[in-house]
Amino acid sequence: MTDRQKLAFADDHFHDECGVFGVFGHPEAANIAYLGLYALQHRGQESAGIVSSDGHELHLHRAMGEVEEIFQPSVLAKLPGNLAIGHTRYSTAGDKALLNAQPIMIDCNKGKLALGHNGNLTNAAEHRRRLEHRGSIFQTNSDTEVIVHLVARSQARNLSGALGDALNQVEGAYSLLVLTQDELYAMRDPRGFRPLVLGRLPASASSNGNETWLVASETCAFDLLNAQYVREIEPGEMVRISKAGIESIHFAPQKPVQQCIFEHVYFARPDSIIFGRSVNESREALGRALAKEHPVAADIVVPVPDSGVPAAVGYALESKIPFRMGLIRNHYIGRTFIEPSQAIRNFGVKLKLNPVRGLIEGQRVILVDDSIVRGTTSRKIVRMVREAGAKEVHVRISCPPTISPCYYGVDTPTREELIASSNSPEEICKFLGADSLGYVSLGALRQAVNDTESRFCTSCYTGVYPTDLVQLEVPSATSSNGHAHDAANGDAPGSIPLERPVTVEREG
Ligand code: SF4
822 MTDRQKLAFA
832 DDHFHDECGV
842 FGVFGHPEAA
852 NIAYLGLYAL
862 QHRGQESAGI
872 VSSDGHELHL
882 HRAMGEVEEI
892 FQPSVLAKLP
902 GNLAIGHTRY
912 STAGDKALLN
922 AQPIMIDCNK
932 GKLALGHNGN
942 LTNAAEHRRR
952 LEHRGSIFQT
962 NSDTEVIVHL
972 VARSQARNLS
982 GALGDALNQV
992 EGAYSLLVLT
1002 QDELYAMRDP
1012 RGFRPLVLGR
1022 LPASASSNGN
1032 ETWLVASETC
1042 AFDLLNAQYV
1052 REIEPGEMVR
1062 ISKAGIESIH
1072 FAPQKPVQQC
1082 IFEHVYFARP
1092 DSIIFGRSVN
1102 ESREALGRAL
1112 AKEHPVAADI
1122 VVPVPDSGVP
1132 AAVGYALESK
1142 IPFRMGLIRN
1152 HYIGRTFIEP
1162 SQAIRNFGVK
1172 LKLNPVRGLI
1182 EGQRVILVDD
1192 SIVRGTTSRK
1202 IVRMVREAGA
1212 KEVHVRISCP
1222 PTISPCYYGV
1232 DTPTREELIA
1242 SSNSPEEICK
1252 FLGADSLGYV
1262 SLGALRQAVN
1272 DTESRFCTSC
1282 YTGVYPTDLV
1292 QLEVPSATSS
1302 NGHAHDAANG
1312 DAPGSIPLER
1322 PVTVEREG
């Protein structure tokens, strides 16, 4: 395990996927892409890349590391042109090496192309086997390269047709940007798992006097640039941006929309608008729902920062129990931090969090977090709060028990590692050493994101998957068949109630 992975483990969250950003029509396109990626850094910290086009050639720079350290001014100066796409990666498929960093750049029978992908293709392994059998030679082991080969093999006469051909053969999640010498394409899979939004910089913001079009994983990237949010790229839509303007093509038959609900719970920045709704509003609503579903007599509400803050605010507002920043997060842990071999107990967590004893001592604490994955970190935090003098610790989680992995572009542990897959809330409460534990119900989560039309994926809470996973080469236990049946019958691992809120208290 690398030092970076050790820190990730200490964090014990589902991990972000990737962020993509595209620019069309700005004389400093690479600089704009850099700023956009900087705002999307939370979506992936392992590698980043930008490809620009000067109208003739594509220029690429990719490296391992974070956006700020990779894109020094001297690097950006070598990325000329009015068009660019950028990508920041946390690997969900393929090795973590530079080889798999994106954008991927190719020169094929469809011309010079660069691709940046957020998501995960669930039938990539099958396509790869078939394509290799027919002579395709893969340069990477990332699922994204399958799209490249399918585009190159398409008989379609133009690139939009070839992209449509390729994308109609793949399954799973993709919010995808493609750059050519003079065009930018933005596409979202028909179920719309991952977000993708369109924005605009006014002509006055550019020295060439032209309007600039932007595409990003999240709207927070537009805010940094003072750009205007225009709309979402629709599920199953391809937006083609060229000198002629914007063209919208629906390249795939309609499928039931399955937007990732966990974007609202944890992944996306709270200042973003995701799937047409403010993330901060969703998280506060989740906190309010938690307070209604799992009330408890206590003195203070303390978030696990940073992601637990909006839900804790919601809980405090609803319950009228004072909100206190009883845990402080250290934001300055660098990538190069080396954990000593003789790590002291709780070291990984204490690197990131420290309790404010003056606020916690003698108090009955409601500790609000957004999720429990393995439970290891939550247990350490509960112990830390107790050691700081809390009289009682009541844990409240702003999502339902996480019982199943994600196959749609999110880095998750195996089912066996997910504590809620095989333990009841009572058992988890005991493991954490908490006085009580309450998860928000699935119904309240749907309400909090305003899911009136069942347009959200909730597979990690139900084990019911919207796509066939057989071709993913996952253990049969994770296929959509058997487990879906179990969950529907309320017999999901740990017999965790999904709709009905139940607060559990620790015995002894
Ligand atoms: Fe999101 Fe969970 Fe569905 Fe993955 S399984 S797309 S994390 S809701």
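All you need for the numbering used here is the position in the sequence shown, starting with 1, plus 821. We put the beta carbon where it would ideally sit given N, CA and C, even for glycine. Because the structure is a prediction, the values reported are computed rather than measured.
*asked:* Quick check on this structure: which residue in E1068, P1246 and W1034 has the alpha carbon closest to the alpha carbon of L904?
replied: Residue mapping note: residue 904 aligns to position 83 of the sequence shown, counting from 1. Residue W1034 is the option with its Cα nearest to L904.
*Report yes if the C-beta distance between Q866 and Y911 is below 8 Å; otherwise report no.*
Locating residue 866 in the sequence shown gives position 45, counting from the first residue. Locating residue 911 in the sequence shown gives position 90, counting from the first residue. Yes.
*asked:* Taking only three categories from DSSP, how would you classify A1241?
replied: The residue given as residue 1241 occupies position 420 in the sequence shown. Three-state DSSP puts A1241 in a helix.
*D1272, buried or exposed, once every other Cβ within 10 Å from all chains shown has been counted against 16*: Translated into the one-based positions of the sequence shown, residue 1272 becomes position 451. By the 10 Å Cβ count, D1272 comes out buried.
*Inter-residue CB distance, G1183 and G1210 (contact presumed, cutoff 8 Å)*: Here residue 1183 refers to the residue found at position 362 of the sequence shown. Here residue 1210 refers to the residue found at position 389 of the sequence shown. Indeed they touch by this definition, with Cβ atoms about 6 Å apart.
*Check the C-beta distance from S1038 over to G840 and give it rounded, since I have them as a contact under 8 Å.*
Counting from 1 along the sequence shown, the entry for residue 1038 is found at position 217. Counting from 1 along the sequence shown, the entry for residue 840 is found at position 19. The pair is a contact, with the Cβ atoms about 4 Å apart (cut-off 8 Å).
*For the alpha helix (DSSP H) that H948 lies in, which residues bound it at each end?*
Here the question's residue 948 lines up with position 127 in the sequence shown. Where H948 is concerned, the enclosing alpha helix (DSSP H) stretches over A945 to H954.
_Beta carbon of S1192 nearer than 8 Å to that of Y1087_ = Counting from one through the sequence shown, the residue named residue 1192 turns up at place 371. Counting from one through the sequence shown, the residue named residue 1087 turns up at place 266. The answer is yes: Cβ separation under 8 Å.
*Give the secondary structure of S1093 by DSSP, where H, G and I count as helix, E and B as strand, and everything else as coil.*
Here residue 1093 refers to the residue found at position 272 when the sequence shown is read from its first residue. Three-state DSSP puts S1093 in coil, outside helix and strand.
_N852 versus L1046, I1082 and H954, residue with shortest Cα-Cα distance_ = Working through the sequence shown from its first residue, we reach residue 852 at position 31. It is L1046 whose Cα lies nearest to the Cα of N852.
*Excluding sequence positions up to five away, which residues of its chain have a Cβ less than 6 Å from the Cβ of E1139?*
In the sequence shown, the residue the question calls residue 1139 occupies position 318. Taken in chain order, the residues that qualify are R1109 and A1112.
_Contact set for Y1260: own chain, Cβ-Cβ below 6 Å, skip 5 residues either direction_ = To locate residue 1260, count along the sequence shown from 1; it is residue 439. Taken in chain order, the residues that qualify are I1218, P1221 and P1222.
*Which whole-angstrom value describes the C-beta separation of G1097 and Y1050, a residue pair presumed to lie in contact below a C-beta threshold of 8 Å?*
Here the question's residue 1097 lines up with position 276 in the sequence shown. Here the question's residue 1050 lines up with position 229 in the sequence shown. No, G1097 and Y1050 are not in contact; Cβ-Cβ is about 10 Å, not under 8 Å.
*Is any heavy atom of the ligand SF4 found at a distance shorter than 7 Å from the C-beta of C1220?*
Position 399 of the sequence shown, counted from the start, is the residue given in the question as residue 1220. No, Cβ of C1220 sits at least 7 Å from all heavy atoms of the ligand SF4.
*Within 10 angstroms of its Cβ, does N941 collect 16 or more other Cβ (buried), or is it exposed?*
Taking the first residue of the sequence shown as position 1, residue 941 is located at position 120. It counts as buried.
*For K1201: DSSP bridge partner residues*: On the sequence shown, position 380 is the one that residue 1201 refers to. According to DSSP, K1201 bridges with nothing at all.
*Cβ neighbour criterion (16 or more within 10 Å) applied to Y855*: Numbered from its first residue, the sequence shown carries residue 855 at position 34. Counting every other CB atom within 10 Å of its CB across the protein chains shown gives Y855 a total of 16 or more, marking it as buried.
*asked:* Any contact between the stretch 966-975 and the stretch 987-994? By contact I mean 3 or more CB pairs, one from each, below 8 Å.
replied: yes
*Does DSSP put P924 in a helix, a strand or coil?*
Residue numbering aside, residue 924 sits at position 103 when the sequence shown is read from its first letter. The answer is coil: DSSP assigns P924 none of H, G, I, E or B.
*On the DSSP bridge assignment, give the partners of L1045 in chain order.*
Locating residue 1045 in the sequence shown gives position 224, where the first residue counts as 1. L1045 pairs with nothing; no bridge assigned.
*In the DSSP assignment, find the alpha helix (DSSP H) that holds I891 and state where it starts and stops.*
Residue mapping note: residue 891 aligns to position 70 of the sequence shown, counting from 1. First-last of the alpha helix (DSSP H) with I891: V888 to I891.
*Distance, Cα to Cα, S1242 vs R1200?*
Translated into the one-based positions of the sequence shown, residue 1242 becomes position 421. Translated into the one-based positions of the sequence shown, residue 1200 becomes position 379. Near 17 Å, if we compare the C-alpha coordinates of R1200 and S1242.
*Can you find a heavy atom of the ligand SF4 that lies under 7 Å from the Cβ of T1279?*
Your numbering for residue 1279 matches position 458 in the sequence shown. Flag set: Cβ of T1279 near the ligand SF4.
_With 16 other Cβ atoms within 10 Å as the buried cut-off, status of P894_ = Counted from its first residue, the sequence shown places residue 894 at position 73. P894 comes out exposed.
*Can you tell me the Cβ-Cβ gap for A884 and L919, rounded? I've got them flagged as a contact below 8 Å.*
Position 63 of the sequence shown, counted from the start, is the residue given in the question as residue 884. Position 98 of the sequence shown, counted from the start, is the residue given in the question as residue 919. Contact holds; Cβ gap of about 7 Å.
*asked:* Could you tell me the alpha carbon to alpha carbon distance between F1252 and P901, rounded to whole angstroms?
replied: For this step, residue 1252 is matched to residue 431 along the sequence shown. For this step, residue 901 is matched to residue 80 along the sequence shown. Going from the Cα of F1252 to the Cα of P901 covers about 55 Å.
*asked:* Using 8 Å for Cβ pairs, my map puts I1121 next to V1186. What's the rounded Cβ distance?
replied: Here residue 1121 corresponds to residue number 300 of the sequence shown, with the count starting at 1. Here residue 1186 corresponds to residue number 365 of the sequence shown, with the count starting at 1. Between I1121 and V1186, the beta carbon gap of about 6 Å places them in contact (Cβ cut-off 8 Å).
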